[in-house]
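Trainee:
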Amino acid sequence: MTATGSIGRRLTLLLAGVAALLSVLSWSMVTGLAWQAAERTQDNVLAASATSIAETLRSEQGEVRLELPYSAFSMLGAISEERVFYNVMAGSALLTGYEDLPVSTLAPPAPGRVSFSTSEYRGSQIRMASVTRLVLVGTGPVPVTVTVAQTRGGVATIAGDLSQLAAILSVAFFVVAVALSAFAARASLRPLNEIAQAVSRRGPSDLRPLRRAAPAELAPLMTSLNRLMDRLGQSIRRSEDFIAEAAHRVRTPLATVRAQAEIVLRSVRDEDEKQRLRRIIRAVDESSRSAGQLLDHATVAYRAEHLVREPVDLADLAARTAASLGPTAAMKDILIQMDTEPVPVVGDPVLLNNALRNVLDNAVKYSPAETTIALRVRADHGEARATVADEGPGLGDGPAEALTERFRRGSNTEGVVGSGLGLTIAEDVLLAHGGRLELETDHHGRGACVSLVLPSA
Amino acid sequence: MRYLLVEDNRELAEAVVNRLELDGHAVDHAASLAEAEDCLAVASYDLILLDVMLPDGDGRTFLTQNRAHLETPVIVLTARSQVSDRVGALDQGADDYITKPFDFSELEARCRAVLRRRGGAARNEIALGQAVFDPLAGTLSHRSETITLRNREIRLMEVFTRHPGQILSKSQLMDRLFSYDAEVTENAIEVYVGRLRRHIDGKGVRIETVRGLGYRMETDDA
Chain A
1 MTATGSIGRR LTLLLAGVAA LLSVLSWSMV TGLAWQAAER TQDNVLAASA TSIAETLRSE
61 QGEVRLELPY SAFSMLGAIS EERVFYNVMA GSALLTGYED LPVSTLAPPA PGRVSFSTSE
121 YRGSQIRMAS VTRLVLVGTG PVPVTVTVAQ TRGGVATIAG DLSQLAAILS VAFFVVAVAL
181 SAFAARASLR PLNEIAQAVS RRGPSDLRPL RRAAPAELAP LMTSLNRLMD RLGQSIRRSE
241 DFIAEAAHRV RTPLATVRAQ AEIVLRSVRD EDEKQRLRRI IRAVDESSRS AGQLLDHATV
301 AYRAEHLVRE PVDLADLAAR TAASLGPTAA MKDILIQMDT EPVPVVGDPV LLNNALRNVL
361 DNAVKYSPAE TTIALRVRAD HGEARATVAD EGPGLGDGPA EALTERFRRG SNTEGVVGSG
421 LGLTIAEDVL LAHGGRLELE TDHHGRGACV SLVLPSA
Chain B
458 MRYLLVEDNR ELAEAVVNRL ELDGHAVDHA ASLAEAEDCL AVASYDLILL DVMLPDGDGR
518 TFLTQNRAHL ETPVIVLTAR SQVSDRVGAL DQGADDYITK PFDFSELEAR CRAVLRRRGG
578 AARNEIALGQ AVFDPLAGTL SHRSETITLR NREIRLMEVF TRHPGQILSK SQLMDRLFSY
638 DAEVTENAIE VYVGRLRRHI DGKGVRIETV RGLGYRMETD DA
């Protein structure tokens, strides 16, 4: 399975990107508006100032006269402490003010209208407002232009202040938006994670459909997941049914043959014929045991791949396994002596039971009549250990480890029915649980000692 | 003891009935769950042997349905070998299970173990001379003294008490005493007969050797 990036991260990045874009956009808009507002304020004040001066224009004895009202300049100071310039021109003659103020003389504004312009003056940028009025002097009207100018530093400061404020707000907005995006991404992915958890919490054999409320977008996923589980369940049921049916078909006739042979054995008098019948029964036992072990082996292989992990008390498991083999052991007057203390392990109780049963079954099979099998369960150096020691012939010559190979039987097993799979199954189960099988012959050369070692819970 | 065998395979059922009757039990045979219901309606049993795969349903379902009102112990006969299946049978209320094909001696041993554990009302004590033999408890009582016999001794004793006065060959006894999965010699029989003789010594019952033929149990009052 290849991961193609996290949806959560992608969603967060996408939302953060949008937030960044919006932040920059809103910052530039606020900055632009601040400039505009500041400029318009300055323009209005300049216009008012120029107009109030123009209002004082009058003709007196053939000359144009004016007053410079105090308010015309004080209102300019209201915006900011900036330098103020002015001039008043009658036609192209300077009446008063700064002569070199770069007033555009090419296109004087229409009378009564205010015109604005921006230019460079004495090393600073200035904004100028000009008002023209016609004053009747002598024979005809003379256009008199009043121009008031102010440097733009104040406007820049105001606009800059506003822009800085907007920048701080934008960054704050961005940070909050990113945090919210991460939260939103996680929140919208939560149902997905919940479904994943619900599926992974289940045991391997739990194939019931998922029945939980999910957002509409996840409905198709849920439906296909449920459909998949349904199909899986059906196929498992089919193969389980098949195994059960196969076992039934093979074993029932074997059971009949065996039962009939036993009946005949009782009525037959001839010792040779009896011996032959006994051989038939042994062969039946051999084949049914092999069939059983093969099916067990297949089951173990399947379950080991989908290991159930639940708390199991090894002592309790040992007690139950010993109890189920009790009658078989009793037939040979074998005593299974229990010496256990509670040892918690984690694993599949069915598999662990199977492993222990195989080992114990071997011990019962190979033990002589009226002996004792010691079953000991102990916690030992962080490991759980179930040891089965019998008083049988031991494990024979050759390496003990080889006995766990498939279909391998000990060198001294002649005369005892077996399939050679028992220890293989036990070892497979233990390996699947992260444990191991230890085999040894007792120090006195009598009796096999088989330990099932598991990591402690 | 009265047994109910629920098994659809006629030949296997016949063999099991045959064997159980030989041991002195009364056995009713039902070939389906419906027949089993009929039998349970009219008679009471000490033990039920129940196959899991029956033509009209799963034996385990039957077990779950009837467990509540059924006092009788049940041993499940299964052709499956999966442990999960066996464990399942026990969970559903079976007292024990046995995998087909089974050894009659093992079936007998499991029946005995279940009956003993359930401590059923039915006791079948057998008077032997001045002693009393209880095959279920595995005890031999004489006056105030009670001996507990070992499993093989019990089974040997049972065979003798079922056939009083009959000559039983070593080979016959061997097949009753040992399962077939291990080679045993006829000497083993002599060992067990020797032990039984010590247990019954002076209790009005004897095991005689019939040279070249086998053994015979005789009681003083017979």
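Chain order of the listed sequences is A and B.
Taking this note's numbering, I'd label the letters of the first sequence as residues 1 to 457.
Taking this note's numbering, I'd label the letters of the second sequence as residues 458 to 679.
C-beta: ideal position from N, C-alpha, C; glycine also.
My output table needs one value for A:Asn193: the three-state DSSP class, helix, strand or coil.
Mentor: The answer is helix: DSSP assigns A:Asn193 an H, G or I state.
Trainee: Specify the secondary structure class of A:Tyr302 as computed by DSSP and reduced to three states.
Mentor: Helix at A:Tyr302.
Trainee: Cutting at 7 Å between CB atoms, please list the residues of its own chain near A:Asp348, excluding the five before and the five after it.
Mentor: Contacts found: Arg303, Leu307, Val308.
Trainee: Can you pull the chain A neighbours of B:Leu469, defined as C-beta to C-beta under 7 Å?
Mentor: Simply Thr252, Ala255, Thr256, Ala259.
Trainee: Within 10 Å of its beta-carbon, does B:Val648 have 16 or more other beta-carbons around it, so buried, or fewer, so exposed?
Mentor: Counting Cβ neighbours within 10 Å, B:Val648 comes out exposed, since fewer than 16 surround it.
Trainee: In whole angstroms, what is the alpha-carbon distance linking B:Val650 and B:Glu610?
Mentor: One C-alpha to the other measures close to 8 Å.
Trainee: Would you check if there are 3 or more beta carbon pairs closer than 8 Å linking the segment 39 to 58 of chain A to the segment 120 to 131 of chain A?
Mentor: Touching, yes, given that three or more Cβ pairs across the two stretches are closer than 8 Å.
Trainee: With 8 Å as the C-beta to C-beta threshold (strictly closer), list the residues of the segment 270 to 297 of chain A near chain B in chain order.
Mentor: Going along the segment 270 to 297 of chain A in chain order, one finds Glu271, Lys274, Arg278, Ile281, Arg282, Val284, Asp285, Ser288, Ala291, Gly292, Gln293, Leu295, Asp296 with a Cβ nearer than 8 Å to chain B.
Trainee: First and last residue of the beta strand (DSSP E) that includes A:Val346?
Mentor: 344 to 347 is the span of the beta strand (DSSP E), which, as asked, contains A:Val346.
Trainee: Between A:Pro455 and A:Asn226, what straight-line distance do the alpha-carbon atoms span, to the nearest angstrom?
Mentor: Approximately 35 Å, taken between the alpha carbons.
Trainee: Can at least three beta-carbon pairs, one atom from the segment 552 to 560 of chain B and one from the segment 481 to 496 of chain B, be found at a separation below 8 Å?
Mentor: The answer is no - the segment 481 to 496 of chain B does not touch the segment 552 to 560 of chain B, with fewer than three Cβ pairs under 8 Å.
Trainee: Touching or not, the segment 186 to 196 of chain A and the segment 214 to 224 of chain A, by the rule of three or more beta carbon pairs under 8 Å?
Mentor: Enough Cβ pairs lie closer than 8 Å, so yes.
Trainee: Locate the alpha helix (DSSP H) running through A:Ile334, then write down its first and last residues.
Mentor: Per DSSP, A:Ile334 belongs to no alpha helix (DSSP H) and is neither H nor E.
Trainee: Determine, using beta carbons only, whether A:Val84 and A:Ala38 come nearer to each other than 9 Å.
Mentor: Result no, Cβ atoms of A:Val84 and A:Ala38 do not sit closer than 9 Å.
Trainee: How about B:Tyr502: is its C-beta nearer than 9 Å to some C-beta of chain A?
Mentor: No, no contact with chain A.
Trainee: Using a Cβ-Cβ cutoff of less than 8 Å, which residues in the same chain neighbour B:Val474 once the five nearest sequence positions on both sides are dropped?
Mentor: These residues qualify, in order along the chain: Leu462, Val484, His486.
Trainee: DSSP three-state call for B:Ala679: helix, strand or coil?
Mentor: Confidence at B:Ala679 is low in this model, with a pLDDT of 47, below 50, so its placement is unreliable and no value can be given for it.
Trainee: Beta-carbon of A:Asp313 versus every beta-carbon of chain B: anything under 9 Å?
Mentor: For A:Asp313, the answer is no, since every Cβ of chain B falls outside 9 Å of its Cβ.
Trainee: So if I threshold CB-CB distances at 7 Å, which residues from the segment 327 to 339 of chain A count as touching chain B?
Mentor: Within the segment 327 to 339 of chain A, the qualifying residues are Pro327, Thr328, Ala330, Met331, Asp333.
Trainee: Using a Cβ-Cβ distance cut-off of 9 Å, determine whether B:Gln629 contacts chain A.
Mentor: By this cut-off, B:Gln629 is an interface position.
Trainee: Name the DSSP beta bridge partners of A:Ala90, please?
Mentor: Per DSSP, A:Ala93, A:Val144.
Trainee: Could you work out which residues of chain B lie near A:Glu262, taking near to mean beta carbons separated by less than 8 Å?
Mentor: Correct list: Ala472, Arg476, Phe561, Asp632.
Trainee: For a contact meaning CB atoms closer than 8 Å, what does B:Ser636 contact in chain A?
Mentor: Ordered by position in chain A, the residues that pass the 8 Å Cβ test against B:Ser636 are Met331.
Trainee: Between which two residues does the beta strand (DSSP E) harbouring B:Glu602 extend?
Mentor: Segment 602 to 605, the beta strand (DSSP E) holding B:Glu602.
Trainee: Apply the 10 Å Cβ neighbour rule to A:Met29 and answer buried if 16 or more other Cβ atoms are within range, or exposed otherwise.
Mentor: Classification of A:Met29: exposed, given that the 10 Å Cβ count is below 16.
Trainee: For B:Met510, collect the residues of the same chain with a Cβ closer than 6 Å to its Cβ; drop the 5 residues on either side in sequence, then sort them by chain order.
Mentor: Cβ within range, chain order: n/a, list empty.
Trainee: How far does the alpha helix (DSSP H) with B:Arg476 in it reach, from first residue to last?
Mentor: It spans 467 to 479 - the alpha helix (DSSP H) in which B:Arg476 sits, taken as one unbroken run.
Trainee: Just curious, the beta strand (DSSP E) that A:Gln125 is in, first and last residue?
Mentor: Looking at the DSSP string, the run of the beta strand (DSSP E) that includes A:Gln125 is 124 to 137.
Trainee: Assuming A:Met331 contacts B:Ser628 (C-beta within less than 8 Å), just tell me the rounded distance between them.
Mentor: Not a contact, Cβ separation roughly 19 Å.
Trainee: Does the beta-carbon of A:Val137 have 16 or more other beta-carbons within 10 angstroms, so that it is buried, or is it exposed?
Mentor: Counting Cβ neighbours within 10 Å, A:Val137 comes out buried, since at least 16 surround it.
Trainee: Can you give the Cα-Cα distance for A:Ser26 and A:Glu67, rounded to whole angstroms?
Mentor: Approximately 46 Å, taken between the alpha carbons.
Trainee: Using alpha carbons as the reference points, say which of A:Val453, A:Arg446, A:Glu99, A:Val146 lies closest to A:Leu356.
Mentor: Checking every option, the nearest Cα to that of A:Leu356 belongs to A:Val453.
Trainee: Checking contacts by CB at 9 Å: is B:Thr596 closer than that to chain A?
Mentor: It does not: the Cβ of B:Thr596 has no partner Cβ on chain A nearer than 9 Å.
Trainee: Going by other Cβ atoms of all chains shown within 10 Å of its Cβ, with 16 needed for buried, is A:His381 buried or exposed?
Mentor: Exposed.
Trainee: Does the count of Cβ pairs from the segment 172 to 186 of chain A and the segment 6 to 24 of chain A closer than 8 Å reach three?
Mentor: Because the criterion of three Cβ pairs below 8 Å is met, the segment 172 to 186 of chain A and the segment 6 to 24 of chain A touch.
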